[in-house]
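Here the structure comes first, spelled out in structure tokens, and everything after it is commentary.
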Amino acid sequence: MREVTVIPLGSHPRDVELEQLKTGIERVISVEITIAPRPLDIDGALDVSRKQYHSTSILATLLQQSDVQTERVLGITPFDLFVPVLTFVFGQAQLNDRAAVFSTFRLHNEFYGLPRSGELLMGRCIKEALHELGHTFGLRHCITQPCVMNSSTYVEDIDLKPADFCLPCREHLGVVL
Amino acid sequence: MTAFDPSDITIMIVDDEPSVRQSLAAWFEDDGYGIVTAQNAAEALQCMQDHTVDIILLDIKMPGMDGLALQDRIREFNKEVIIIIITAFATVDTAVRALKAGAFDYTTKPVDPDELSHLVHNAVEKIRLQRENLALRESIDHLQFVDDIIGESAPMQQVLELVKTVAPTDSTVLILGESGTGKELIARAIHMNSRRRYFPIIPVNCGALPETLLESELFGHEKGAFTGAQYRRKGKFEMAQGGSLFLDEIGTLSLKSQIDLLRVLEDREFHRLGGERSVKADFRLICATNVDLEREVKTAIFREDLYYRINVFTIHLPALRERRADIPLLATHFVQRHARSMNRATPELSTEAMDVLLTHDWPGNVRELENAIERAVVINKSGVITPADLPLQIGRNSAPPRGTSLSEMEKEHIQHMLDENAWNISRTAEKLGIDRVTLYNKLEKYGLKRPE
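From first to last, the protein sequence lines stand for chains H and X.
Going by this note's numbering, the first residue of the first sequence is number 1275, and it counts up by one from there.
Going by this note's numbering, the first residue of the second sequence is number 6, and it counts up by one from there.
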């Protein structure tokens, strides 16, 4: 079974129970998840003028963690992420490679002026984690509805898609996992 | 909507910032698009040579040639590629310039992921429609050319070779041939195989209209240009814009119309009647005539300067009697076409009927053949077309009289009728509508004798 380390970045994410996230991911794909005990410092990825963290820099930082030996590393951060040309990203991953990251910053209902919902937040986190890990296992955005690999540019898109893979994507994962 | 595979689309990212190239490439790679990147204009132009690029995401501010200049350069040789400008230094001026120069869209960095997805989705949808359109056009072109021109004889194959040679050029073509040889069909074939094929071909029969009407027909007119001109009307020159203008029977143009046409061909622009604004004349000219234009030039009926202007590339269409080998093919084609249009079972052509068709001289050429076949299909009841179904003058008189004077023609006709009636004098006289004595007198007059 493939091993994945989930690493909190900057600080432990607010309102997200990592054990619950681990269970949610393991229920869908056959991976064994370890949660890193300490948060990883990502100050180097901060863009002061944008007040956001550069997700590509974070991926580089994740890959430099020599004490993490697992085949995949998944960073989770409460801070907002960006790539230079976009206003923000929910997450980023290396296609068919080792590192992935996602942010809970825009997954909170409160960000959109709505009442807090722990259940919605956890559902979104599980979907984002599955989506970014899917990229690391070689999956591209899927145009088959419904599938967790559908591209999401709004949080509503995340809510609409299921926390599961469509049959072709699942078949692909069946080969690699 | 047809399913579209993103890997069929190649996006080129042109930006001097490595992080921008990298992040955009990663973003679109996740969607499955083909990606190439370039850090400056020179690299971008090289990429355009090495890859088939469908969409360009183009930065404006770059060292060396900037994005707007690069867009102009690309547009010189590629009108189809979709260019989306993404710039950090947006001004109204650059946006207007970019869009006027043919950019598909314009956005500023950093761009919302949703906006970027929409921009590219719209571009992909446009490409999908363009490709679908092209496929449909190609299938239509194929049908047009293959179905319409029938001829396997050597003279007709030579004509088709000439059509293929001249069609892709923009040269003026003069088609010469007797009436009914299919000059308009050849003109359409030239048009359909030219780069102007997606615009109309406008046919004008110069012989069918009096000079005054022809003028307004060709040039169009403004409202109030003359009595009865209640609306502005486009002329044929304008309707043929981007396409081809087919002037049939150009030999019948009056001298005044010849001067008017020559001026349009030389100036490449014209005015509507009663109009002040000049209109560009962007059409290919294809002319046709069945008269000897060189002789008309010598007798000053046709202007020499116009003759040289239209006589750039000439195609001689053979008369049907000069390509008899095509008669069976054409006859079978017309039988099928007319049976289909009349919703009838396709009749067969008997060997005897085909012999008659093959020996007739066809002064009216393919048009006459088609009319004869159409008539035969109409009157035929048995399902086999025989000589009796063909028009009388074809079945009974396969060779027209060669004499020119009335007495020569009379002599040949009497001879023919005698042969047809096995020299039975009474029957021949009855068929000719004269009495036997008159027929004997004619035999003596013309020295006609029963064959031994």
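From the three backbone atoms N, C-alpha and C, an ideal C-beta is built for every residue, glycine too.
Taking the alpha-carbon positions, what's the E22 (chain X) to G37 (chain X) distance? As a working note, residue 22 (chain X) is residue 17 in the second sequence. As a working note, residue 37 (chain X) is residue 32 in the second sequence. So the two alpha carbons sit approximately 23 Å from each other.
Relative to the C-alpha of R1390 (chain H), which residue among H:A1374, H:D1289, H:T1297 and H:T1344 is closest? For this step, residue 1390 (chain H) is matched to residue 116 along the first sequence. Checked all of H:A1374, H:D1289, H:T1297 and H:T1344; the closest Cα to R1390 (chain H) is H:D1289.
When you compare only the Cα positions, how much space is there between E271 (chain X) and D287 (chain X)? Translated into positions along the second sequence, residue 271 (chain X) becomes position 266. Translated into positions along the second sequence, residue 287 (chain X) becomes position 282. Taking the CA atoms as reference points, E271 (chain X) sits about 12 Å from D287 (chain X).
Do we get a CB-CB distance below 8 Å when we pair V168 (chain X) with the residues of chain H? Position 163 of the second sequence holds residue 168 (chain X). No - not a single Cβ of chain H is within 8 Å of the one on V168 (chain X).
Could you check if R328 (chain X) is buried or exposed, using at least 16 other CB atoms within 10 Å of its CB as the buried criterion? Here residue 328 (chain X) is taken as the residue at index 323 of the second sequence, counted from 1. Buried, because 16 or more other Cβ atoms sit within 10 Å of the Cβ of R328 (chain X).
Which residues mark the beginning and the end of the alpha helix (DSSP H) in which Y111 (chain X) is found? Numbered from its first residue, the second sequence carries residue 111 (chain X) at position 106. Annotation for Y111 (chain X): no alpha helix (DSSP H) segment contains it, though the beta strand (DSSP E) segment containing it runs D110 to T113.
Kindly list, in the order they appear in chain X, the residues whose Cβ is closer than 9 Å to that of V1357 (chain H). Mapped onto the first sequence, residue 1357 (chain H) falls at position 83. Neighbours of V1357 (chain H) on chain X, chain order: S24, V25, Q27, S28, L29, A31, W32 and P115.
Give me the Cα-Cα distance between V1359 (chain H) and G247 (chain X), rounded to the nearest whole angstrom. The residue given as residue 1359 (chain H) occupies position 85 in the first sequence. The residue given as residue 247 (chain X) occupies position 242 in the second sequence. Spanning the two alpha carbons is a distance of roughly 42 Å.
Only counting the same chain, and skipping five residues up and downstream in sequence, which positions put a Cβ closer than 7 Å to that of D175 (chain X)? By one-based count along the second sequence, residue 175 (chain X) stands at place 170. Within the same chain, Cβ atoms closer than 7 Å to the Cβ of D175 (chain X) are found at R289, the five residues on either side in sequence being excluded.
Does the distance from the C-beta atom of I60 (chain X) to that of L73 (chain X) stay below 8 Å? Translated into positions along the second sequence, residue 60 (chain X) becomes position 55. Translated into positions along the second sequence, residue 73 (chain X) becomes position 68. No, the pair does not count as a contact, with Cβ atoms beyond the cut-off.
I believe V1347 (chain H) touches L1336 (chain H) by the beta-carbon criterion, under 8 Å. Please report the beta-carbon distance rounded to the nearest angstrom. By 1-based counting over the first sequence, the position of residue 1347 (chain H) is 73. By 1-based counting over the first sequence, the position of residue 1336 (chain H) is 62. Rounded, the Cβ-Cβ distance is 5 Å, consistent with contact.
E299 (chain X) burial status per 10 Å Cβ neighbour count (16 or more: buried): On the second sequence, residue 299 (chain X) is found 294 positions in, with the first residue counted as 1. The residue in question, E299 (chain X), is exposed, as its Cβ has fewer than 16 Cβ neighbours within 10 Å.
Helix or strand or just coil, what does DSSP make of C211 (chain X)? The residue labelled residue 211 (chain X) in the question sits at position 206 within the second sequence. In the three-state DSSP reduction, C211 (chain X) falls in the helix class (H, G or I).
Local Cβ density within 10 Å of L148 (chain X), reported as buried at 16 or more and exposed below that: If you number the second sequence from 1, residue 148 (chain X) lands on position 143. Residue placement at L148 (chain X) cannot be trusted, given a pLDDT of 46 that sits under 50; the coordinates are not used to answer.
Provide the residue(s) that pair with Y1327 (chain H) in DSSP beta bridges, ordered along the chain. Stepping through the first sequence from its first residue, residue 1327 (chain H) is reached at position 53. Partner(s): H:L1320 and H:L1355.
Where the beta strand (DSSP E) through H276 (chain X) begins and ends: Numbered from its first residue, the second sequence carries residue 276 (chain X) at position 271. First-last of the beta strand (DSSP E) with H276 (chain X): E274 to H276.
Taking all protein chains shown into account, do 16 or more other C-beta atoms lie within 10 angstroms of the C-beta of E85 (chain X), making it buried, or fewer, making it exposed? The count along the second sequence starts at 1 and reaches residue 85 (chain X) at position 80. Classified as exposed, E85 (chain X) has fewer than 16 neighbouring CB atoms from the shown chains inside 10 Å of its CB.
Where does F33 (chain X) fall in DSSP's three states? Position 28 of the second sequence holds residue 33 (chain X). Here F33 (chain X) sits in helix by DSSP.
Can a CB atom of chain X be found closer than 8 Å to the CB of T1279 (chain H)? As a first step, residue 1279 (chain H) is located in the first sequence; it is residue number 5 there, counting from the start. Not one chain X Cβ lies under 8 Å of T1279 (chain H).
Return the residue from the list X:A128, X:M70, X:L362 and X:G280 that minimises the CA-CA distance to V58 (chain X). Here residue 58 (chain X) corresponds to residue number 53 of the second sequence, with the count starting at 1. When each option's Cα is compared against that of V58 (chain X), the closest is X:A128.
Inter-stretch contact at 8 Å, needing at least 3 Cβ pairs: the stretch 339–347 of chain X / the stretch 172–190 of chain X: no
From the DSSP output, read off the bridge partner residues of A1374 (chain H). Locating residue 1374 (chain H) in the first sequence gives position 100, where the first residue counts as 1. Bridge partners of A1374 (chain H): H:L1348 and H:A1367.
Compare the Cα-Cα distances from C1443 (chain H) to each of H:I1432, H:F1411, H:L1434 and H:I1281 and report the closest residue. Position 169 of the first sequence, counted from the start, is the residue given in the question as residue 1443 (chain H). Ranking H:I1432, H:F1411, H:L1434 and H:I1281 by Cα distance to C1443 (chain H) puts H:F1411 first.
Within 8 Å, do at least three Cβ pairs link the stretch 1418–1426 of chain H to the stretch 1377–1397 of chain H? no
Kindly list the residues whose CB is nearer than 7 Å to the CB of G1397 (chain H), restricted to its own chain and excluding five residues on each side of it in sequence; keep chain order. Residue 1397 (chain H) sits at position 123 when you count from the first residue of the first sequence. Here G1397 (chain H) has A1437 as same chain residues with Cβ atoms under 7 Å from its own Cβ, once five neighbours each way along the sequence are excluded.
In three-state terms, what does DSSP make of V101 (chain X)? Counting from one through the second sequence, the residue named residue 101 (chain X) turns up at place 96. Three-state result, V101 (chain X): helix.
In whole angstroms, what separates the C-alpha of M17 (chain X) from that of H126 (chain X)? Translated into positions along the second sequence, residue 17 (chain X) becomes position 12. Translated into positions along the second sequence, residue 126 (chain X) becomes position 121. Whole-angstrom Cα-Cα distance: 15 Å.
Taking C-beta to C-beta, are I315 (chain X) and S249 (chain X) nearer than 8 Å? Translated into positions along the second sequence, residue 315 (chain X) becomes position 310. Translated into positions along the second sequence, residue 249 (chain X) becomes position 244. Taking 8 Å as the Cβ cut-off, I315 (chain X) and S249 (chain X) do not qualify as a contacting pair.
Which residues in the same chain have their Cβ closer than 6 Å to the Cβ of R308 (chain X), if we skip the five residues on either side of it in sequence? The sequence position of residue 308 (chain X) within the second sequence is 303, counting from 1. Excluding positions up to five away in sequence, the list reads Q263.
Assign Q1338 (chain H) to buried or exposed, taking buried as 16 or more other Cβ atoms, counted over all protein chains shown, within 10 Å of its Cβ. Here the question's residue 1338 (chain H) lines up with position 64 in the first sequence. Exposed: under 16 other Cβ atoms inside 10 Å.
For P118 (chain X) and chain H, any beta-carbon pair shorter than 8 Å? As a working mapping, residue 118 (chain X) is identified with position 113 in the second sequence. So, interface residue.
Member of X:M67, X:Q51 and X:L50 whose CA lies at the smallest distance from the CA of V25 (chain X): On the second sequence, residue 25 (chain X) is found 20 positions in, with the first residue counted as 1. Answer by Cα proximity: X:M67.
Could you list which residues in chain X have their beta carbon closer than 7 Å to that of R1414 (chain H), in chain order? In the first sequence, residue 1414 (chain H) corresponds to position 140, counting from 1. In chain order: D35, D36 and G37.
Range covered by the beta strand (DSSP E) that runs through P11 (chain X): Locating residue 11 (chain X) in the second sequence gives position 6, where the first residue counts as 1. Here P11 (chain X) belongs to no beta strand (DSSP E), and DSSP marks it neither H nor E.
Would you say K228 (chain X) and I207 (chain X) are within 8 Å of each other, going by their C-beta atoms? What you label residue 228 (chain X) is simply residue 223 of the second sequence in a count that begins at 1. What you label residue 207 (chain X) is simply residue 202 of the second sequence in a count that begins at 1. Cβ distance not < 8 Å, so K228 (chain X) and I207 (chain X) don't count as in contact.
Where does D297 (chain X) sit, in a helix, a strand or coil, going by DSSP? Translated into the one-based positions of the second sequence, residue 297 (chain X) becomes position 292. D297 (chain X): coil per DSSP, three-state reduction.
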